[in-house]
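Student: Residue numbers (the numbering used here): 128 to 299.
We treat Cβ as the ideally placed atom computed from N, Cα and C, and that holds for glycine.
Values in this document were obtained by computation on a predicted structure and should not be read as measured data.
Structure in structure tokens, see below.
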């Protein structure tokens with residue numbers, strides 16, 4: 128009998144074979160987005176950015192651009208891409224809008240804010256140090272919400288290349 132995937136304990140980072148913890152976050156247009164509503168439409172690439180540690184992270188900027196440049200390949204793989212931008216509630220939406228300004232996203236990309244680190248803490252990604260927000264992380268969830276790829280970076284510049292995400296999507 129097959130085992131059902133379960134979510135990790137609250138505040139623990141999900142690992143391979145576990146369900147990604149459910150969340151509801153706000154998009155840049157004010158819409159509430161729930162993970163449960165997205166995973167049923169195909170695999171999800173979930174990217175935790177550093178967000179607003181008091182400045183726009185240059186590594187996040189480069190990573191965001193890399194994913195936008197590879198949007199067609201990600202769409203061809205059937206993926207929905209979700210960027211999570213954490214930070215203190217005050218001014219977070221304005222900082223997120225400034226981060227994405229002038230960079231149109233395809234319909235399969237969603238940019239969400241994580242005010243006060245609710246998502247960040249639920250996924251065990253809080254980088255609790257001065258001028259820090261979250262550990263950059265990349266998860267790929269299958270259409271049932273099960274983690275099929277996960278990598279947490281412990282350095283600012285250590286980001287998962289799009290090619291690694293495409294390989295994970297191809298292997299499912």
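Going by DSSP, which residues form a beta bridge with residue 279?
Tutor: Paired residues: 264.
Student: Around the C-beta of residue 271, are 16 or more other C-beta atoms found within 10 angstroms, so that it is buried, or is it exposed?
Tutor: Residue 271 comes out exposed.
Student: Measuring straight from C-alpha to C-alpha, what distance separates residue 284 and residue 194?
Tutor: Straight-line Cα distance between these residues: approximately 15 Å.
Student: Just list the residues that DSSP pairs residue 232 with in beta bridges.
Tutor: The partner list for residue 232 (beta bridge, DSSP) is empty, contrary to what the question assumes.
Student: Quick one: Cα of residue 149 to Cα of residue 242, how far?
Tutor: If I take the Cα positions, the gap works out to 16 Å.
Student: Leaving out five residues on either side along the sequence, give the residues of the same chain with a beta carbon under 8 Å from the beta carbon of residue 248.
Tutor: Closer than 8 Å at the Cβ level, and outside the excluded window around residue 248, lie 138.
Student: Buried or exposed for residue 260, please, with buried defined as at least 16 other CB atoms from any protein chain shown within 10 angstroms of its CB.
Tutor: Counting Cβ neighbours within 10 Å, residue 260 comes out buried, since at least 16 surround it.
Student: Compare the C-alpha of residue 219 against each of 267, 239 and 145 and name the closest.
Tutor: Nearest C-alpha to residue 219: 239.
Student: By Cβ distance below 6 Å, which residues in the same chain neighbour residue 184 in space, the five residues on each side in sequence not counted?
Tutor: The residues are 177.
Student: Ignore the nearest five residues each way along the sequence and tell me which others in residue 216's own chain have a CB closer than 7 Å to its CB.
Tutor: Cβ neighbours of residue 216 beyond the five flanking positions: 242 and 243.
Student: Going by the CB atoms, is the gap between residue 170 and residue 205 shorter than 8 Å?
Tutor: Yes. Within cutoff.
Student: Sort out for me which residues DSSP pairs residue 160 with in a bridge.
Tutor: Its beta-bridge partners are 152.
Student: For residue 296, tell me which candidate among 159, 181 and 208 has the shortest Cα-Cα distance.
Tutor: Nearest C-alpha to residue 296: 208.
Student: Using the C-alpha atoms, what's the distance from residue 152 back to residue 246?
Tutor: When rounded, the distance between both Cα atoms is 8 Å.
Student: Mark residue 128 as exposed unless 16 or more other C-beta atoms lie within 10 angstroms of its C-beta, in which case mark it buried.
Tutor: Only weak support is given to the placement of residue 128: the predicted model assigns it a pLDDT of 43, under 50, and the value that follows is read from those uncertain coordinates. The residue in question, residue 128, is exposed, as its Cβ has fewer than 16 Cβ neighbours within 10 Å.
Student: Looking at the secondary structure, which residues open and close the alpha helix (DSSP H) in which residue 292 lies?
Tutor: Here the alpha helix (DSSP H) through residue 292 covers 289-297.
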